[in-house]
Amino acid sequence: VALERLSVLTGRYPGELNVLSEDFTTREPDPLDRASWVDFALENNFSLQAARHAEEAARQNATASRMGHAPTISGSYAYNDYSTNGDFTSDPGTGLETPPDSKLEDQVWRISLEMPLYSGGAISAQRRQSAQEYNAARENLINLTRNTVTSTRSLHMTVLSDISRVKARKQSIVSSQSALDATQAGYEVGTRNVVDVLNAQNTLFVAQRDYYNSRYDYIANMLRLKEQAGILSPDDVYRLDDVLVPPPPPTAPSR
996 VALERLSVLT
1006 GRYPGELNVL
1016 SEDFTTREPD
1026 PLDRASWVDF
1036 ALENNFSLQA
1046 ARHAEEAARQ
1056 NATASRMGHA
1066 PTISGSYAYN
1076 DYSTNGDFTS
1086 DPGTGLETPP
1096 DSKLEDQVWR
1106 ISLEMPLYSG
1116 GAISAQRRQS
1126 AQEYNAAREN
1136 LINLTRNTVT
1146 STRSLHMTVL
1156 SDISRVKARK
1166 QSIVSSQSAL
1176 DATQAGYEVG
1186 TRNVVDVLNA
1196 QNTLFVAQRD
1206 YYNSRYDYIA
1216 NMLRLKEQAG
1226 ILSPDDVYRL
1236 DDVLVPPPPP
1246 TAPSR
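Numbering (the working numbering), first residue to last: 996 to 1250.
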């Protein structure tokens, strides 16, 4: 299922995937203080920023709608200046004479007042709708702010728990390997049977699986924490790619 989702995301079916290097180590969030991450999230979270802009746009729209019944005053001003230079002319047909030089100036002022007396209730309905949209945008911002704070704190605690879990499961591999070695030694001298060996091998495989899964959980939650705080960048992906290596060749089980 995961491979199918990856193929949808990348547009092609993936081949052999790289795995985390054995040298990969977990790191605590920087800064370690949980309140600092909450502050980052409140300031930089992209969803929160979008909600703030939406709330401000709705507020301005509601303010404009409240002025729908207010009168509108508009004005204009025009200034014309005509000048002619030339010879004295006379029209025999009309008897009009034009002096060689003339100048004409005029100014026009216009002021208009408009007041919507009745629009079938459209203005009032628009005002109520804009007010409700603003209330919805404001409530969405409040809820998103609370969820951002809660999610950031939860992810920060999860990352710290993942770090402890990785260390514990790595130690579990060492203990399981020692138990398997002891069981195999007992099998060789006849004090243990093959079922004991298989159970010890299964315990080791489970410990290894849990260890690898815990490392991937740490990476995923660390990226989610940075995304929640609005500081996730392509550099984080590049650094992750640097610790991915081709998977080791399969080995035959020991007898």
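Don't be surprised by glycine CBs; every beta carbon is placed ideally from N, CA and C.
query	result
Which whole runs of the alpha helix (DSSP H) in the stretch 1215–1249 are 4 residues long or more, in chain order?	1229–1237
Using three-state DSSP, classify Leu980 as helix, strand or coil.	Nothing about residue 980 can be read from this structure; the chain reaches only from 996 to 1250.
Look at the alpha carbon of Gln1055 and the alpha carbon of Arg1160, and state the distance between them as a whole number of angstroms.	50 Å
Let me know if Trp1104 comes out buried or exposed under the rule of 16 or more other beta-carbons within 10 Å of its beta-carbon.	exposed
Counting Cβ pairs, one atom from each stretch, are 3 or more of them under 8 Å apart for the stretch 1145–1156 and the stretch 1211–1223?	yes
Would you call Met1217 buried or exposed, if buried means 16 or more other Cβ atoms sit within 10 Å of its Cβ?	buried
Given this structure, state the Cα-to-Cα distance separating Glu1023 from Ile1158, to the nearest angstrom.	7 Å
By Cβ distance, which residues of its chain are closer than 8 Å to Ala1059, with the 5 residues on each side in sequence left out?	Ser1125
Based on Cα-Cα distance, which residue from Gly1006, Ser1016, Asn1130, Pro1066 lies nearest to Glu1051?	Asn1130
Since Leu1239 and Asn1039 are thought to touch, with beta carbons under 8 Å apart, how far apart are those beta carbons, to the nearest angstrom?	With 8 Å as the limit, Leu1239 and Asn1039 do not qualify as a contact, their Cβ atoms being about 27 Å apart.
Put Ala1132 into one of helix, strand or coil per three-state DSSP.	helix
Taking contact to mean 3 or more Cβ pairs, one atom from each stretch, closer than 8 Å, check whether the stretch 1160–1171 and the stretch 1185–1204 are in contact.	yes
Whole angstroms are fine: how far does the CA of Gln1179 sit from the CA of Val1186?	The question names Val, yet the displayed sequence has Thr at residue 1186. Thr1186 and Gln1179: Cα-Cα distance of roughly 10 Å.
Would the beta-carbon of Ala1120 fall within 8 Å of that of Ala1049?	no
Along the chain, where does the alpha helix (DSSP H) that runs through Arg1187 open and close?	Where Arg1187 is concerned, there is no enclosing alpha helix (DSSP H), given that its DSSP letter is neither H nor E.
Taking the alpha-carbon of Ala1036 as reference, which of Asp1230, Tyr1207, Thr1143, Pro1009 has the nearest alpha-carbon?	Thr1143
Between the C-alpha atoms of Arg1164 and Pro1243, what's the straight-line distance to the nearest angstrom?	21 Å
Restricting to runs no shorter than 3 residues, where is the beta strand (DSSP E) found entirely within the stretch 1110–1176?	none
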